[in-house]
Each structure stands twice: as structure tokens, then as C-alpha cells.
């Protein structure tokens, strides 16, 4: 199958591309970032998905499937840019899919969509509304992109669209939201709070995305790996130590004294769990994680 | 309740061995898929064991009415100015049942907003009382603890200690939806343990709790009194969770009157107007 991957130069994008190529697919990638030596079977076009050259790729290459991973998740990125890329980009690629006859589209979203709070349930189902808009307004563009991608299911019924909500990824790539949070030797936590954290190995995440493509998935799916573990266990097993600070102290200290910079809403995600139920995805694809929670944490620690 | 994780309490090895016998899907870190932690449970039950066996004089009747396996809902009255009743029911499900069971309460939202209470409640399986949690736990064949009186129930003053305030209806719809037997129970003596004379709502808000109960001696520290717990035979409701409010209200009334009857029996027992042999637990 001829697969177009947007955001291919990202850490997870590269893994997905390599796995697709290994599986005998023809891979074309678009990214504003360069990828100098892609593996055999992978072609990379450097450019912005919202610009004309990207549309030309759809027109001339006629991909059969799209994996859309070109969303900005770094919270330090200027938010007006993020909004334009995450929403404008998603709109553009789905429009092109419709115009140029792409049969399958996969949007790779995040489980942070559901938001965290004292009264949010453990194990979110796909039908739940995005509380993140309320608890963590800085994520609203990602939530909107997720819902917008989902709207392709009724706007473009001829395209098999799958919206994947992936839990945090962790492992040897040391990239992504959770890896950034765990970067330093001392991880700031909110004193008296120890939420469950759900994550999956980088390779399992890439495998799940490829499975979603190969199994003709249609709909919205939570994608998760091994069962969640408390933040304290995560910090310990990744060879870090916790720096528990009272919330009143931690808030003003974020971004200073070597602590990670987090927007205000992110603190809710350090106090309360976001745990998703991935049963539907597992049932339809037969996906089971290869790496359990220990192997995943240790892979991150030892990388 | 003081978070046991903060107290360097030794864990009673007998209690720890009993925790091992709780039938939950433990992983090799000793926690279940909800983050319930065996080590924290062992600390909790060691601490509770002292209050359960020594501090209070607790008598439990009809413990065999609680199913040893599978989903069930413990439904009873609130007694005492704070959740002492819930904590002792959790202790009784652990110490009286064989195999021991973890009773999982539906906690007030404010508990998970308080530092330490949040992390501790999460590790011992006491989650925020939302329908999603209740349904999921029951479908996982767990033992749910429900006080349909809600926070108004703990706010009862000493003079109202034998009363029942209005019941919510959610638990009945939940039982019908998940096909769960309801085990009614009465908790007697909580009002004597924590004789509330007033509730300070504004002061409570300063601490992030709904209210602060006040006793004649000031703080709501429980007195070492005798307590009675009576478990009645399981009630299996029949109907649809989507029935109209008046149909549901009849189910609620059935459970409520059964609990009121158990409370009356427990009170007579406490006042020595009835003998243990004369109890009718169904």
C-alpha cells in the first residue's frame, strides 16, 4: 500500500515509517523538519502540510492511505502557531484525502484529550467528552483537532477514518511529553498526590499505528499498552527521584531552578490520573503490547 | 483518617498474609489495575485492626450475608460525624469475611482534592463516587460500599443519630443496570462515638472539607464505645434501570425500610431489649 505519513521526521513518525517500509509498504513522508537518511522504501519531502507542495504530493503520488502525525504537542511552542498547524493542518490533509481519493486516514491523537481532575473516572471510554478543554485549556487545539478529525467519519464517509488516542509513549527514543517531564534526575511532583500514569513502549505505539492501518479500522479508539502505574513507581523505576513540593510552592517554581516548564493546567495532570480503556482497539486489531510496564520504564532509563 | 503511608507503622505480618488472600488481580508490584496497593492495604488494615479489635467494641452480625465472591453492593446508613462508619465497614469486610474482601467506597470528591488523602485513597481503592467508577467496579465483580444518604447522612447531629435522611436513587438504577445484589446493613453507635452537637460549614470550607463536626469536647475524635454492624440478606431487585422515577422510588423504599428495620433491631440489641438469638437478618 502507498502510505503518506505527515510529521514523519518526528521520533515516533520515523519508527512508524520504518515499520511500514519493513512491512512492504511504499512510504512517502512530509515534514517541515528534515530527515537526512531515511531507510530504503521511505521518501521524505520537506515542506509544510498546509502549503501547495503538500497538496501536490497528494495529487501526483496518489497515496492510498494517510497517517497524520503532524501535530505539535510541545506546550512550549507559541500557541497561535500551534493552533494553525494542529487545526489548519488537519483540515488541509483531510480535504486533500477527500479530493484525491485516499481510502484510509489515521489521525494520531493523545489520551490527554480526556483531561484530569478529582472527579474524572479511571479508564475513560471513547464516548466521553473532552474535559481537557476545561482542566487544561492549553490543550484545546489538540482536542479540537481530534474532534475535527473524527468529523471526517460523517463528512467524508467514503474515507475509512480512524482517530487513535494514544497514551503517553516512553522508551529508548526519550521523546514525547512524558519523557520531557522525566528528563531531569529529580522529577517534581505535587506533595500528597500520586496519580496513575499510563504509558506504552515507543515500539508498541508504532506497531499499534501500523496495525490500525492494516486492520481497516474505522472510528475512534483509545490505544494503550500495559496497565498504569503510580507516578512514584514510574519515577523510581526510571532511575529518578521525586521532588515532592506543596502545590502552592510548585506552581510559581515551574520553569525555574531547573524544573521543567509546564503550563498551569499541566499540574492537574501531575495530580490526577488519565487512564484510558483500550479494549475496543485490542478486540478489533488483536493488539497486545510486547513490552510490559517494567520493560518500558527500564528501556527509557537505560537508553 | 490519617494516611497510613505517613506513619512509620510496622505492618502486622498476620494482616499482610490476610491481604494476600484478597482475591484481586495483583501484578508483581503488588497492585491491581486501579492502582490499589497491597503494601498500603496491609498498613491500613494494621492500623484499622487496632481500632476494630481493641479501641472500639465491635459486634458484627450476619457477615455470612455478604457474598464471598462476585459483585455485590453494601448499602447502609450513615452514623457518626464523618466516615468512621465506612472505615469500620471496610475493616469488617476484611476481618470477618473469608476470604477477606476489599470494600470499595464511593468517596466524596473533596477527598481527592486534599493532599495525602488523595494519594492514600487512591492506593486503598477508595475512588471518587461517580457512576463510571461504580459500574466498572461492579462489572469487575467487586464489593461496592454505598451510603445513599450521602454527605447529609454524616452531618446528622447527635439527637438525630437514629434517623435516616433522604436516600438518593442512583444506587438502585446502578444495581438494576449491573444486576447486582444489594446487601443492606445497619451501623449502630457511630452517633455515640462522635456525638456531633454542631457542624461548622464555613470553617470546614477553609480546610477544603464540606463541614467540620464539633463535639462537646471539641474535636470530632471518636470515643471508645461499642458499635454494632448488622448485615441483612441480599436483596435482588428486578426491573429496568430505565424505569420511571416512581418505580425506582418503590425499590429505594424497599431497601430503605429494610435498613431502617435492621437499625431498629441493632438499637434494641444495643439497649439490651433484644437478644442476639432474636435477630432477624433474613
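Protein chains in written order, with my numbering: chain A, 37 to 339; chain B, 7 to 288.
Using N, Cα and C, we set each Cβ at its ideal position, and we do this for glycine too.
Values in this document were obtained by computation on a predicted structure and should not be read as measured data.
Hey, out of the options, whose CA is closest to residue i's CA?
i              : options                           : result
residue 275(B) : 233(B), 243(B) and 261(B)         : 233(B)
residue 16(B)  : 109(B), 111(B), 27(B) and 55(B)   : 55(B)
residue 289(B) : 123(B), 71(B), 273(B) and 164(B)  : Outside the displayed range of chain B (7 to 288) lies residue 289(B), so it cannot be described from this structure.
residue 319(A) : 263(A), 253(A) and 298(A)         : 253(A)
residue 261(B) : 169(B), 162(B), 154(B) and 58(B)  : 154(B)
residue 76(B)  : 29(B), 102(B), 193(B) and 43(B)   : 29(B)
residue 154(A) : 137(B), 128(B), 119(B) and 112(B) : 119(B)
residue 212(A) : 308(A), 269(A), 99(A) and 235(A)  : 235(A)
residue 268(A) : 228(A), 259(A) and 260(A)         : 228(A)
residue 241(A) : 135(A), 325(A) and 89(A)          : 325(A)
residue 99(B)  : 141(B), 230(B) and 74(B)          : 74(B)
residue 244(A) : 57(A), 96(A) and 317(A)           : 317(A)
residue 140(A) : 166(A), 105(A), 99(A) and 162(A)  : 99(A)
residue 34(B)  : 272(A), 330(A), 220(A) and 283(A) : 330(A)
residue 77(A)  : 56(A), 90(A), 95(A) and 69(A)     : 56(A)
residue 291(A) : 224(A), 308(A) and 58(A)          : 224(A)
residue 87(A)  : 126(A), 259(A) and 250(A)         : 126(A)
residue 121(A) : 85(A), 280(A) and 47(A)           : 85(A)
residue 327(A) : 286(A), 264(A) and 138(A)         : 264(A)
Check the Cβ-Cβ distances between residue i and every residue of chain B, and say whether any is below 8 Å.
i              : result
residue 150(A) : no
residue 336(A) : no
residue 261(A) : no
residue 194(A) : no
residue 228(A) : yes
residue 240(A) : no
residue 155(A) : yes
residue 171(A) : no
residue 178(A) : no
residue 270(A) : no
residue 129(A) : no
residue 256(A) : no
Kindly indicate if chain A contains any beta-carbon less than 8 Å away from that of residue i.
i              : result
residue 184(B) : no
residue 177(B) : no
residue 157(B) : no
residue 273(B) : no
residue 138(B) : yes
residue 127(B) : no
residue 41(B)  : yes
residue 211(B) : no
residue 142(B) : yes
residue 257(B) : no
residue 248(B) : no
residue 33(B)  : yes
By the three-class DSSP mapping on this structure, what secondary structure does residue i have?
i              : result
residue 198(B) : helix
residue 173(B) : coil
residue 38(A)  : strand
residue 333(A) : helix
residue 236(A) : strand
residue 266(A) : strand
residue 228(B) : coil
residue 62(A)  : strand
residue 124(B) : helix
residue 28(B)  : coil
residue 293(A) : coil
residue 73(A)  : coil
residue 90(A)  : helix
residue 66(B)  : strand
residue 229(A) : coil
residue 167(A) : coil
residue 8(B)   : In this predicted model, residue 8(B) has a pLDDT of only 44, less than 50, meaning its place in the structure is not dependable enough to derive any value.
residue 105(A) : coil
Kindly give me the distance between the Cβ atoms of residue i and residue j, rounded to whole angstroms, as I take these residues to be in contact under 8 Å.
i              : j              : result
residue 63(A)  : residue 71(A)  : So it is not a contact: roughly 11 Å between Cβ atoms.
residue 278(A) : residue 333(A) : Incorrect: roughly 14 Å between the Cβ atoms, too far for contact.
residue 248(A) : residue 198(A) : 5 Å
residue 267(B) : residue 196(B) : Wrong, their Cβ atoms sit about 18 Å apart, outside the cutoff.
residue 164(A) : residue 257(A) : Not quite, the Cβ-Cβ distance comes to about 13 Å (not below 8 Å), so this is no contact.
residue 86(B)  : residue 184(B) : Wrong, their Cβ atoms sit about 29 Å apart, outside the cutoff.
residue 53(A)  : residue 65(A)  : 6 Å
residue 206(A) : residue 336(A) : 5 Å
residue 272(B) : residue 194(B) : 4 Å
**Prompt:** Touch check for the region 200-215 of chain A and the region 142-151 of chain A: three-plus C-beta pairs under 8 Å?
**Reply:** yes
**Message:** Is it the case that the region 224-242 of chain B contacts the region 183-192 of chain B, given that we only count it when at least three CB pairs across the two stretches are under 8 Å?
**Reply:** yes
**Inter-stretch contact (C-beta, 8 Å, three-pair minimum) for the region 205-214 of chain B and the region 58-70 of chain B** = no
**Asked** So does the region 140-155 of chain B actually touch the region 73-90 of chain B, counting three or more Cβ pairs closer than 8 Å?
**Response** yes
**Item:** Stretch-stretch touch, CB-based, cutoff 8 Å, three pairs: the region 179-187 of chain A with the region 301-312 of chain A
**Value:** no
**Prompt:** Any chance the region 166-174 of chain A sits against the region 297-306 of chain A, with 3 or more Cβ pairs inside 8 Å?
**Reply:** yes
**Message:** Measuring CB atoms only, is the region 129-141 of chain B touching the region 100-118 of chain B, in the sense that at least three cross pairs come out at less than 8 Å?
**Reply:** yes
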